[in-house]
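Quick note, the sequences are listed as chains A and B, same order.
If you're matching positions, the first sequence starts at 24 in my numbering and goes up one per residue.
If you're matching positions, the second sequence starts at 197 in my numbering and goes up one per residue.
We treat Cβ as the ideally placed atom computed from N, Cα and C, and that holds for glycine.
Since the model is a prediction, treat every value here as computed from it, not as a measurement.
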Amino acid sequence: MIATEKSVKLQASDVDVFYGSFQAIKNASLAMASQTVTALIGPSGCGKSTFLRALNRMHDLTPGARVEGKITLDGADIYAPDADPVVIRHRIGMVFQRPNPFPKTIFENVIYGPKIHGESNKKRLTEIAEKSLRQAALWDEVKDRLNRSALDLSGGQQQRLCIARVLAVEPEVILMDEPASALDPIATSKIEDLIGELKRNYTVVIVTHSMQQAARISEFTAFFHLGEIVEFGTTSDIFTRPKEKRTEDYITGRFG
Amino acid sequence: MAISIIVMLALFVFYMLFLGARYITPGFLFGLPGESSEAGGGIGPEIFNSFYILTLTLLMTVPIAVSAGVYIQEYARPGRFRALVQFSAEALATVPSIVMGLFGLLIFIYFFHLRFSAIVGAMTLTILNLPALMRVTQEAMRTVPDSLREASMSLGATKWQTVTKAVMPSAIGPMTTGVVLIAGRIFGETAALIYTAGLSVSANSPYDFSLTHSAETLAVHLWYTRSESLVPDVDRIGNGSALVLLFMVLVFNVAARVLGRFLSKRLTGKSS
Numbered sequence: 024m025i026a027t028e029k030s031v032k033l034q035a036s037d038v039d040v041f042y043g044s045f046q047a048i049k050n051a052s053l054a055m056a057s058q059t060v061t062a063l064i065g066p067s068g069c070g071k072s073t074f075l076r077a078l079n080r081m082h083d084l085t086p087g088a089r090v091e092g093k094i095t096l097d098g099a100d101i102y103a104p105d106a107d108p109v110v111i112r113h114r115i116g117m118v119f120q121r122p123n124p125f126p127k128t129i130f131e132n133v134i135y136g137p138k139i140h141g142e143s144n145k146k147r148l149t150e151i152a153e154k155s156l157r158q159a160a161l162w163d164e165v166k167d168r169l170n171r172s173a174l175d176l177s178g179g180q181q182q183r184l185c186i187a188r189v190l191a192v193e194p195e196v197i198l199m200d201e202p203a204s205a206l207d208p209i210a211t212s213k214i215e216d217l218i219g220e221l222k223r224n225y226t227v228v229i230v231t232h233s234m235q236q237a238a239r240i241s242e243f244t245a246f247f248h249l250g251e252i253v254e255f256g257t258t259s260d261i262f263t264r265p266k267e268k269r270t271e272d273y274i275t276g277r278f279g
Numbered sequence: 197m198a199i200s201i202i203v204m205l206a207l208f209v210f211y212m213l214f215l216g217a218r219y220i221t222p223g224f225l226f227g228l229p230g231e232s233s234e235a236g237g238g239i240g241p242e243i244f245n246s247f248y249i250l251t252l253t254l255l256m257t258v259p260i261a262v263s264a265g266v267y268i269q270e271y272a273r274p275g276r277f278r279a280l281v282q283f284s285a286e287a288l289a290t291v292p293s294i295v296m297g298l299f300g301l302l303i304f305i306y307f308f309h310l311r312f313s314a315i316v317g318a319m320t321l322t323i324l325n326l327p328a329l330m331r332v333t334q335e336a337m338r339t340v341p342d343s344l345r346e347a348s349m350s351l352g353a354t355k356w357q358t359v360t361k362a363v364m365p366s367a368i369g370p371m372t373t374g375v376v377l378i379a380g381r382i383f384g385e386t387a388a389l390i391y392t393a394g395l396s397v398s399a400n401s402p403y404d405f406s407l408t409h410s411a412e413t414l415a416v417h418l419w420y421t422r423s424e425s426l427v428p429d430v431d432r433i434g435n436g437s438a439l440v441l442l443f444m445v446l447v448f449n450v451a452a453r454v455l456g457r458f459l460s461k462r463l464t465g466k467s468s
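Next up, the structure:
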């Protein structure tokens, strides 16, 4: 596929996701290249978030949810019997739709991951916190109040804190589930700038309901509809020369 | 309606103060009780026993009830076993305390041949309060939104790390409030202790840490003095004890709120 110009980091092959007897994702295959941003777009309820959550085994936490098919990270099946979901989630981080900082201090939030992975050196933790907050473009705003509650931050700052928290565990892939949908335009543009920075070092997969956002930040776009991937291609092709009728209808605003 | 509740509480407190305040002296608070037919004496050992049995009870109840509550809330999948545990806890919670006292008498005293003692009283109160504390734990864990569990798991935390490092610290406020409120209830418990902790205090010393001494608590003392005692100064001991008991229970209630708020702030970093 197109993604082969850069090496494939994450590959989904014939993935089905079920909630009980309801099939939310049908036969979805998608190659996500490293150091690129892949956007998942589609109307509400099309299954794009459901697909995203299959990529780091978050469905394990939902009673009744079941994932079939194959998803590989660097060629290794993440649903293999000997694959440890805890290790998988360490390597594939996630940013959620609503900012969900812990009710702890800003500092404690950032070092939560490194701490549970065994880092106890105070000096090292402080370095990690600063580095991650700088990467998330939040350092200058919070450096004087690291010991204040994360809940005192604005929504946009909280979301960048959540991104810093993910960066602190040094994942290889970052999944983002409509990370800017609860934010105002200024905060949104900060998050978008940040994603542009992140793709230099990470593989980013982002679900978005905003086509403009997908166009602004992603190299590749997959269009989801009714639980299927209707079309996948470079973002410019999807938006300017869609091959499928349904993609074109969605892009041009005829439904959704 | 709301105001009438405040008025009733205020009237009650003032009436108790009116009846008992004049009897509260250091000798009464810290002194030994008098002989059974003579006037005079204090309630020192009874106050001590109340705190002692409370401590013992919490030491046993908290670990068991918190583990059970965490297990049911965070680990158990919905199903028959979980429903059975829930049902058992609810059934246990409705057992009247006098029945639990008689149960303690049957099991610990008659069957295991233990004596009326602090430890038997504490074990009986443990059974009595397990369901309530388990419920408190469950409710406290339930106040923590799932988004925090997801955040923790998505950072590569194990389930156990998520529960201990993210969920429990976030639930510490309501948890503490619940524990202290239950502590207040344990402190004032009477019926369950009459046949388990006994109606007399240690002959050795006013502050006897022995687990096996008979350990009449303040609430039991109040009941006993009022209903059975032959001492001539029943009013003094009764009204004085009642006032002390009331004061203690109020302290627990206030402490529950203050502590809960304080810990919430400390452990969750929430600034008010």
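Strand pairing of residue 118/A, partner residues [DSSP]
Here residue 118/A is taken as the residue at index 95 of the first sequence, counted from 1. In DSSP, residue 118/A forms a bridge with 199/A.
Worksheet item: What number of angstroms, rounded off, separates the C-alpha of residue 82/A from the C-alpha of residue 231/A?
Response: Taking the first residue of the first sequence as 1, we reach residue 82/A at position 59. Taking the first residue of the first sequence as 1, we reach residue 231/A at position 208. Their Cα atoms are separated by approximately 19 Å.
Same chain, Cβ closer than 7 Å to residue 235/B, five either side skipped, listed in chain order:
The count along the second sequence starts at 1 and reaches residue 235/B at position 39. Within the same chain, residue 235/B has close Cβ partners 427, 428 and 429.
Residues, ordered as in the chain, of the stretch 67-100 of chain A that lie near chain B by beta-carbon distance below 7 Å:
Cβ contacts with chain B come from 79, 81, 84 and 86.
TODO: Quick one: grab the DSSP three-state call for residue 207/B.
DONE: One-based indexing of the second sequence puts residue 207/B at position 11. Per DSSP, reduced to three states, the secondary structure at residue 207/B is helical.
Indicate the three-state DSSP secondary structure (helix, strand or coil) for residue 268/A in the structure shown. Taking the first residue of the first sequence as position 1, residue 268/A is located at position 245. In the structure shown, residue 268/A adopts helical secondary structure according to DSSP, grouped into three states.
Counting only the same chain and skipping the five closest in sequence on each side, list residues whose C-beta sits under 6 Å from that of residue 22/A. Residue coverage of chain A in this structure runs from 24 to 279, which leaves residue 22/A outside it and unanswerable.
Notebook entry, point to check: Per DSSP, which one or two residues make a beta bridge with residue 35/A?
Noted result: Counting from one through the first sequence, the residue named residue 35/A turns up at place 12. Partner(s): 53/A and 94/A.
> With a CB to CB cut of under 6 Å and the five nearest residues on each side skipped, what residues in its chain are close to residue 40/A?
Replying inline: The sequence position of residue 40/A within the first sequence is 17, counting from 1. Leaving aside the five residues that flank residue 40/A on each side, the residues in its chain whose CB is nearer than 6 Å to its CB run, in chain order, 47, 48, 73, 77 and 90.
Start and end residues, beta strand (DSSP E) containing residue 64/A | In the first sequence, the residue the question calls residue 64/A occupies position 41. Bounds of the beta strand (DSSP E) holding residue 64/A are 60-64.
**Prompt:** Since residue 195/A and residue 226/A are thought to touch, with beta carbons under 8 Å apart, how far apart are those beta carbons, to the nearest angstrom?
**Reply:** The residue labelled residue 195/A in the question sits at position 172 within the first sequence. The residue labelled residue 226/A in the question sits at position 203 within the first sequence. Indeed, because the Cβ distance is near 7 Å, the residues count as touching under 8 Å.
Check your understanding: What are the uninterrupted segments assigned as alpha helix (DSSP H) that are 4 or more residues long and contained completely in the stretch 291-335 of chain B, given in chain order?
Key -> Correct list: 293-300.
**Study point:** Buried or exposed by the 16-neighbour rule on C-beta atoms within 10 Å, applied to residue 415/B
**Key:** For the purposes of this step, residue 415/B is taken as residue 219 along the second sequence, with counting starting at 1. When all chains shown are included, residue 415/B counts as buried.
Would you be able to state if there are at least three C-beta pairs under 8 Å between the stretch 368-379 of chain B and the stretch 332-344 of chain B?
-> Verdict: yes, contact present.
Helix, strand or coil for residue 89/A per DSSP?
Residue numbering aside, residue 89/A sits at position 66 when the first sequence is read from its first letter. Residue 89/A sits in a strand when the DSSP states are folded into three classes.
- request: Can you give me, in chain order, the residues of the stretch 249-280 of chain B that have a beta carbon less than 8 Å from any beta carbon in chain A?
  value: Those would be 273 and 274, in chain order.
ask   = For the stretch 347-369 of chain B, which residues have a beta carbon sitting closer than 8 Å to at least one beta carbon of chain A?
value = Interface annotation for the stretch 347-369 of chain B against chain A: 347, 348, 349, 350, 351, 352, 353, 354, 357, 361, 362, 365 and 366, criterion Cβ-Cβ distance under 8 Å.
Margin query: In chain order, what are the residue ranges of uninterrupted alpha helix (DSSP H) at least 4 long that sit wholly in the stretch 387-421 of chain B?
Written below: You should have 387-390.
Distance between residue 64/A and residue 233/A (C-alpha atoms, nearest Å) = Looking up residue 233/A in the first sequence gives position 210. Looking up residue 64/A in the first sequence gives position 41. Taking the straight line from one Cα to the other gives about 8 Å.
| query | Taking C-alpha atoms, which residue in 225/B, 322/B, 244/B and 216/B lies nearest to residue 259/B? | reply | For this step, residue 259/B is matched to residue 63 along the second sequence. Answer by Cα proximity: 322/B.
Give the DSSP bridge partners of residue 229/B, in chain order. Start at 1 with the first residue of the second sequence, and residue 229/B comes out as number 33. Its beta-bridge partners are 237/B.
Assess, as a yes-or-no matter, whether the stretch 244-255 of chain B is touched by the stretch 307-326 of chain B under the definition of 3 or more beta carbon pairs within less than 8 Å.
-> Touching, yes.
*Could you please give the first and the last residue of the uninterrupted alpha helix (DSSP H) stretch that includes residue 209/A?*
Against the first sequence, residue 209/A aligns to sequence position 186. Segment 208-221, the alpha helix (DSSP H) holding residue 209/A.
Could you tell me which whole alpha helix (DSSP H) segments of length 4 or greater appear in the stretch 330-388 of chain B?
Fully enclosed alpha helix (DSSP H) runs of 4 or longer: 342-350 and 368-384.
Please name the residue or residues paired with residue 245/A in a DSSP beta bridge.
Indexing the first sequence from 1 puts residue 245/A at position 222. Checking the DSSP bridge columns, you'll see residue 245/A partnered with 63/A and 255/A.
In this structure, what does DSSP give as the bridge partners for residue 229/A?
As a position in the first sequence, residue 229/A is number 206, starting the count at 1. Beta-bridge partners of residue 229/A (DSSP): 62/A and 199/A.
Margin query: Counting only Cβ pairs nearer than 7 Å, list the residues of chain A close to residue 344/B.
Written below: Numbered from 1 along the second sequence, position 148 holds the residue referred to as residue 344/B. Neighbours of residue 344/B across chain A, judged by C-beta separation under 7 Å: 123 and 125.
Fill in: residue 178/A, enclosing alpha helix (DSSP H) - first and last residue
Locating residue 178/A in the first sequence gives position 155, where the first residue counts as 1. Residue 178/A: member of the alpha helix (DSSP H) spanning 178-190, first to last residue.
Check: Hey, is residue 117/A's beta-carbon within less than 8 Å of any beta-carbon in chain B?
Finding: Mapped onto the first sequence, residue 117/A falls at position 94. Yes, residue 117/A lies at the interface with chain B (some Cβ there is under 8 Å from its Cβ).
Presumed contact (8 Å Cβ cut-off) between residue 75/A and residue 252/A, rounded CB distance: The residue you call residue 75/A lines up with position 52 of the first sequence. The residue you call residue 252/A lines up with position 229 of the first sequence. Not really, about 12 Å apart at Cβ, beyond 8 Å.
Report task. Determine the DSSP secondary structure at residue 447/B, reduced to helix, strand or coil. Result -> For the purposes of this step, residue 447/B is taken as the residue at position 251 of the second sequence. Under the three-state reduction of DSSP output, residue 447/B falls in the helix class.
### Task
Could you tell me the boundaries of the alpha helix (DSSP H) in which residue 234/A lies?
For the purposes of this step, residue 234/A is identified with residue 211 of the first sequence, where counting begins at 1. Residue range 234-240 is occupied by the alpha helix (DSSP H) that includes residue 234/A.
| Proximity below 8 Å, CB of residue 330/B to CB of residue 380/B | Translated into positions along the second sequence, residue 330/B becomes position 134. Translated into positions along the second sequence, residue 380/B becomes position 184. Going by beta carbons, residue 330/B and residue 380/B fall outside the 8 Å limit.
* Asked: Beta-carbon of residue 136/A versus every beta-carbon of chain B: anything under 8 Å?
  -> As a first step, residue 136/A must be located in the first sequence, where it is residue number 113. Yes, residue 136/A lies at the interface with chain B (some Cβ there is under 8 Å from its Cβ).
* residue 181/A to residue 243/A, Cα distance in whole Å? -> One-based indexing of the first sequence puts residue 181/A at position 158. One-based indexing of the first sequence puts residue 243/A at position 220. Distance between the alpha carbons of residue 181/A and residue 243/A is about 27 Å.
Inter-stretch contact (C-beta, 8 Å, three-pair minimum) for the stretch 292-308 of chain B and the stretch 381-392 of chain B: The stretch 292-308 of chain B and the stretch 381-392 of chain B touch, with no fewer than 3 CB-CB distances between them shorter than 8 Å.
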